[in-house]
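Undergrad: Residue numbers (the numbering used here): 51 to 172.
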Amino acid sequence: MFSPPLAFVVVTLALTCNSAWAASFVNNWDEKFKYECPTNQTLSYVYSTHSNHHEDRRWMFKCCHIESYKTTGCEWTPYLNSFDHVLNYAVPEDRVLIGWFSEHKNKAEDRRHRMLTCNLSK
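1) If you run the structure through DSSP and keep just helix, strand and coil, what is Arg162?
2) Count the other CB atoms, across all protein chains shown, that sit within 10 Å of the CB of Glu156; report buried if there are 16 or more and exposed otherwise.
3) Would you list the one or two residues that DSSP bridges to Cys168?
4) For the 8 Å Cβ check, are there 3 or more pairs between the stretch 118-128 and the stretch 144-151?
5) Could you check whether Phe133 and Arg107 sit closer than 7 Å to each other, using their CB atoms as the reference points?
6) Considering only C-alpha positions, which residue in the set Leu137, His100, Met110 and Cys114 is nearest to Thr92?
7) From Phe111, His100, Asp160 and Glu105, pick the residue whose C-alpha is nearest to that of Phe75; which is it?
8) Considering only residues of the same chain and omitting the five flanking positions on each side of Thr167, which have a CB-CB separation below 6 Å?
9) Compute the beta-carbon to beta-carbon distance between Ser171 and Lys82, rounded to the nearest angstrom, for a pair I have assumed lies under 8 Å.
10) Cβ atoms of His104 and Trp79: under 7 Å apart, would you say?
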């Protein structure tokens with residue numbers, strides 16, 4: 051099965067960001083996951099690795115503390131893609147990405163995703 055490359059664009063905001071990696075991968079092969087950054091932190095980096103044998107990805111996230119700002123009005127998106135369809139999502143300009151949910155379906159050998167975004171306020 052074809053596994054398209056992943057591309058993530060990070061827009062640098064005028065924020066102070068102290069970051070740290072998640073301790074390990076947040077999922078095992080073929081398992082769903084739900085990852086949320088701690089309070090008043092935002093996702094700053096996403097890493098995944100693909101296995102041809104498992105036809106799946108494992109995920110790791112990095113969050114950063116946003117100095118002088120709070121996350122408010124957080125909401126989960128609906129599913130952003132269907133199984134066997136590309137994930138193509140841009141976080142709205144007035145929001146930051148703080149969480150990621152993904153589930154795997156063996157029949158499709160694919161994942162679908164939801165994102166948790168928040169507003170920033172002083």
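Just so it is clear, CB atoms sit at the ideal spot from N, CA and C, and this is done for glycine as well.
TA: On the basis of the supplied data:
1) strand
2) Residue identity differs from the one stated: residue 156 is Asn in this sequence, not Glu. Exposed.
3) Val146
4) yes
5) no
6) Cys114
7) Phe111
8) Val141, Arg145 and Leu147
9) Going by Cβ atoms, the distance from Ser171 to Lys82 rounds to 31 Å, so no, they are not a contact pair.
10) yes
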